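Numbering-wise, my numbering comes out as the position in the sequence shown, counting from 1, plus 4.
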Amino acid sequence: MTQSAVRVRLCATVVGAALALNFSGPLHAQTAAINDLRGKIFDAKMAQQSFAGGLPHCSELDGTNFYLEARDRVLNLDDYKRSLDNLVLQRVFNPETKQPWNQTDADARWAQVKQLAITDRANCALVASLPDLQKQLEQLQQKAASAPPAAAPPAAAPPSSASQNNK
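Below you can see the structure in the form of structure tokens.
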């Protein structure tokens, strides 16, 4: 191949790759958005199953309360903190540590229930967003289906017979 034929072939390849990247960008972005929504929908459905007992109480789970699954009730954080403080003051037996409650135990439990209140609120918000997420996914899928397919990059020109004769 002559040097000019190599340049032409190289330029055709580079232009074809650039066109392919240009046309595949929006399609890739749509696919990524669809996959992201599918992941969020999966998370919402998992939260719906694992937090089924707490879902009827979502109106109360605003960060100031938490759902205690063992008793199927909603407890107020402030009331729970007072109860923990009383357990420490009265040195009530703690079945988890097999010793009387102390401030370290109470602080650890307090941190757990504060985190639980945050998680409960997030689970309720996630499950509440499920219908909207499903609607968004449906719209994106329809948009992707109606979008024209990405143009195929132009094929590199086959070597001319003149360049093959120069070998």
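For glycine and all other residues, C-beta sits at the position ideal for the given N, C-alpha and C.
Every value quoted in this text rests on a predicted model; they were computed, and no experiment measured them.
Selection Asp82, Asp47, Pro135, Ala110 evaluated against Gln94 yields Ala110 as nearest (Cα-Cα). Secondary structure note for Leu93: its alpha helix (DSSP H) is the uninterrupted segment 81-94.
Residue range 134-150 is occupied by the alpha helix (DSSP H) that includes Leu137. Distance check between His61 and each of Val131, Gln107, Lys147 places Val131 closest, using alpha-carbon atoms only. Following the DSSP letters along the chain, one finds Leu65 in no beta strand (DSSP E), marked with neither H nor E.
In the three-state reduction of the DSSP assignment, Pro104 falls in the strand class. The residue from Ile45, Ala37, Pro99, Asn98 with its alpha-carbon nearest to that of Leu134 is Ile45. Cβ atoms of Gln34 and Leu144 come within 8 Å of each other, at about 6 Å.
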